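Residue numbers (the working numbering), protein chains in the order written: chain Y, 9 to 367; chain A, 9 to 367. What follows is a set of notes on a single structure, which appears directly below.
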């Protein structure tokens with residue numbers, strides 16, 4: 009009840025896998041999803057890891073996920089594929105999408121795989137990172153699973169926080185990994201604030217009268233501000249729309265008013281769309297030269313002069329890499345409210361609680 | 009001296025072409041660049057059209073552009089190419105890059121062409137729009153030609169405003185065209201403010217002590233704020249870095265401290281990098297269905313409820329389409345300071361002035 013508990017990643021992964029399996033997923037699929045959800049928690053994507061488990065289990069029980077999906081390619085060209093997820097869990101769909109993109113990019117230099125009838129897949133960076141091991145750049149675009157953003161100047165929620173992620177390999181340095189919602193704050197961050205009982209800073213959300221909204225428990229009454237805020241939010245709005253068109257409309261997935269709010273609807277087919285691109289660095293030049301250039305760039309940035317009060321200059325992905333190291337060593341912190349929710353999941357599924365002493 | 013003069017697009021194009029030819033470009037190349045520069049002015053990209061002509065002419069004279077470039081493919085795969093611009097004008101290089109991307113995407117579904125040894129090519133949207141006529145989506149990324157942005161928390165200018173553009177075809181509606189710098193304001197806008205003798209709003213730039221800078225004539229003393237501003241500028245910073253890696257580093261072009269400030273250096277080879285991607289809509293589904301979906305989305309946005317005081321909801325590209333219609337009809341406004349600069353160019357090259365009555 010009082011403070012965060014630290015859970016090892018091994019225990020967390022086993023708990024998630026057992027829960028998903030008990031809820032109805034085949035063993036290998038449960039293992040795949042659990043591994044990706046745990047990876048999300050390890051890297052600090054707290055709004056997209058185990059905190060989603062209660063909702064996922066509820067959705068499986070309500071028939072909102074197809075637990076035996078026939079994930080299949082609907083159309084393809086040498087450098088593209090349209091992957092129908094058959095309403096399976098998004099993690100499974102986008103893991104497959106990344107594998108296809110990587111295989112295709114090996115021969116064409118670049119490949120793009122769009123999904124349709126997919127579902128929420130966790131943090132965008134999980135999939136953008138997958139090409140890294142193949143000396144490829146990964147780009148990922150997704151339509152978020154609930155609309156919290158109106159068109160610029162509007163009141164109707166027709167857009168989600170539609171995230172973009174990019175992962176670029178380095179040599180000795182950590183890869184550069186950007187993962188950002190096109191709003192000032194991701195909705196997952198709002199949910200995390202609510203779980204922790206904290207208030208939001210001004211500038212994350214406004215209410216329908218345009219006044220700042222800082223109580224995350226009142227999030228349903230407000231809307232997120234697009235990146236750029238009151239000043240240049242039309243840019244974040246434009247990005248959110250383009251990403252939605254690329255990740256949703258292009259693949260025949262939901263976008264705009266067709267988006268299902270999966271936080272309030274456990275059973276409707278969401279027809280979620282995502283897209284992943286893999287770019288083979290070797291198609292453009294020597295991989296070692298490229299990686300050395302990225303290392304040099306990172307070091308130039310890190311070594312540059314700083315504003316008063318700034319201790320260190322970071323590049324995208326350094327915070328998550330540090331979090332991954334710390335949580336691998338110390339465990340993953342689970343907030344009391346989340347632990348109560350997970351205990352309830354364990355009770356319902358009749359499995360051992362997360363913090364129990366089972367291996 | 010007193011107010012803006014209106015010039016027809018035909019006259020503007022002829023003037024630019026004559027100036028570039030007199031300065032040393034072969035006729036067909038001068039015509040190509042003039043057409044693209046005029047298109048920039050027609051769509052309202054005032055910082056990237058004829059306002060750049062004095063600088064371009066100066067650069068040609070100083071030997072900073074190769075006026076007889078051998079623009080050639082260095083490497084290619086089925087879906088990719090690396091195009092060496094041989095230090096020719098960027099318009100010529102990126103027009104060629106777009107043509108290659110479109111041709112390749114027709115067979116692979118997606119193609120990506122990176123440039124190296126290119127130069128400033130005008131507004132990003134010019135090239136992102138090129139795939140539209142082929143029922144393709146265009147994406148464009150560029151390393152800007154002067155660093156005005158430090159890493160987040162830093163003071164050294166290691167990044168440019170690195171723009172991103174995306175163009176998506178619609179059916180009956182105008183295409184959706186986003187063209188944005190990853191800073192709150194593009195540097196071209198700062199230059200336009202200076203030309204017009206106007207001040208900048210707070211939030212565009214800060215000085216090295218972090219104080220707002222609003223005098224565009226003092227721009228050299230300050231730095232642009234990345235998209236997101238003081239609140240979430242690390243996102244705009246991350247985007248600028250990723251775009252720079254994609255458009256510059258991937259193709260072996262300049263990025264970071266290697267970027268030449270072409271506003272203050274007329275002769276060094278800039279090794280500018282840009283990248284264009286073309287995505288064939290037919291690779292993912294029926295083109296007519298896609299376009300109808302985009303139309304519906306635009307109309308849903310336009311017809312949605314508005315904040316108090318908002319007359320109309322726009323989607324990206326509507327403003328520039330309206331400007332193109334108005335300027336095609338009424339002419340392109342040339343501010344007095346710019347006209348004086350163009351008159352000087354005309355005198356130096358011994359050609360008729362822009363506003364003279366020649367056809």
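Note that the Cβ used here is the ideal one computed from N, Cα and C, for glycine as well. Remember, it's a predicted structure, so these values are computed and weren't measured experimentally.
query                                                                                                                               : result
Cα-Cα separation between residue 142(Y) and residue 299(Y), rounded to whole angstroms                                              : 13 angstroms
Own chain, CB closer than 6 angstroms to residue 271(A), minus 5 neighbours either side, in chain order                             : 154
Interface residues of the segment 58-72 of chain Y facing chain A [CB-CB below 9 angstroms]                                         : none
Contacts that residue 264(Y) makes with chain A (C-beta to C-beta distance below 7 angstroms)                                       : 305 and 308
Environment of residue 367(A) [buried if 16+ CB atoms lie within 10 Å]                                                              : Caution applies to residue 367(A), whose pLDDT of 45 falls short of 50 and renders its modelled position unreliable; the model cannot decide the point.
Whole-angstrom distance between residue 290(A) and residue 114(A), CA atom to CA atom                                               : 9 angstroms
For residue 87(A) and residue 119(A), believed in contact at Cβ under 8 angstroms, the rounded distance                             : 5 angstroms
Closest by C-alpha distance to residue 67(A), when choosing among 358(A), 353(A), 362(A) and 360(A)                                 : 353(A)
Element boundaries [alpha helix (DSSP H), containing residue 63(A)]                                                                 : 61-69
Which of helix, strand or coil DSSP assigns to residue 283(Y)                                                                       : strand
Close-in-space but distant-in-sequence residues of the same chain around residue 9(Y) (CB under 6 angstroms, 5 per side omitted)    : Unreliable positioning characterises residue 9(Y) in this predicted model, as indicated by a pLDDT of 47, which lies under 50. The coordinate reading is nonetheless provided below. So the qualifying residues of the chain are 344.
Where the segment 76-98 of chain Y meets chain A: residues whose CB sits under 7 angstroms from a CB there                          : 83, 85, 86, 87, 88 and 90
Cβ of residue 137(A) within 8 angstroms of any chain Y Cβ                                                                           : no
For residue 288(A), the three-state DSSP class (helix, strand or coil)                                                              : strand
Length at least 3, wholly inside the segment 206-251 of chain A: the beta strand (DSSP E) runs in chain order                       : 213-215 and 230-232
Within-8 angstroms CB hit, residue 284(Y) to chain A                                                                                : no
Contact under 8 angstroms by Cβ, residue 190(Y) with residue 234(Y)                                                                 : yes
Residue-chain proximity (residue 292(A), chain Y), Cβ-Cβ < 8 angstroms                                                              : yes
Within 8 angstroms, strictly: CB atoms of residue 350(Y) and residue 82(Y)                                                          : no
C-alpha distance - residue 4(A) paired with residue 208(Y), whole-angstrom precision                                                : The question about residue 4(A) has no answer, for chain A in this structure spans 9 to 367.
Minimum Cβ-Cβ distance from residue 123(Y) to chain A less than 8 angstroms                                                         : no
C-beta atoms of residue 121(Y) and residue 284(Y) nearer than 8 angstroms                                                           : yes
Nonlocal neighbours in the same chain, by C-beta distance under 6 angstroms from residue 104(A), ignoring five residues either side : 79
Buried or exposed (CB count within 10 angstroms, at least 16 for buried), residue 219(Y)                                            : exposed
Local conformation of residue 108(Y) per DSSP, three classes                                                                        : helix
Cα-Cα separation, residue 326(A) to residue 182(A)                                                                                  : 7 angstroms
Same chain, Cβ closer than 8 angstroms to residue 214(Y), neighbours up to 5 away in sequence not counted                           : 220, 221, 230, 231 and 233
Cβ-based burial, residue 85(Y) [other Cβ within 10 Å; buried from 16]                                                               : buried
Reduced DSSP secondary structure (H/G/I, E/B, other) of residue 102(Y)                                                              : helix
Distance CB(residue 127(A))-CB(residue 95(A)) smaller than 8 angstroms                                                              : yes
Cutoff 8 angstroms: residue 222(Y) Cβ touching any chain A Cβ                                                                       : no
Enclosing alpha helix (DSSP H) for residue 43(Y) [first to last residue]                                                            : 35-50
Per DSSP, cross-strand counterpart(s) of residue 84(A)                                                                              : 89(A)
Chain A contact for residue 301(Y) (CB, 8 angstroms cutoff)                                                                         : yes
Inter-residue spacing [alpha-carbon to alpha-carbon] between residue 275(A) and residue 281(A)                                      : 17 angstroms
Proximal residues of chain Y, C-beta to C-beta of residue 298(A) below 9 angstroms                                                  : 257, 258 and 260
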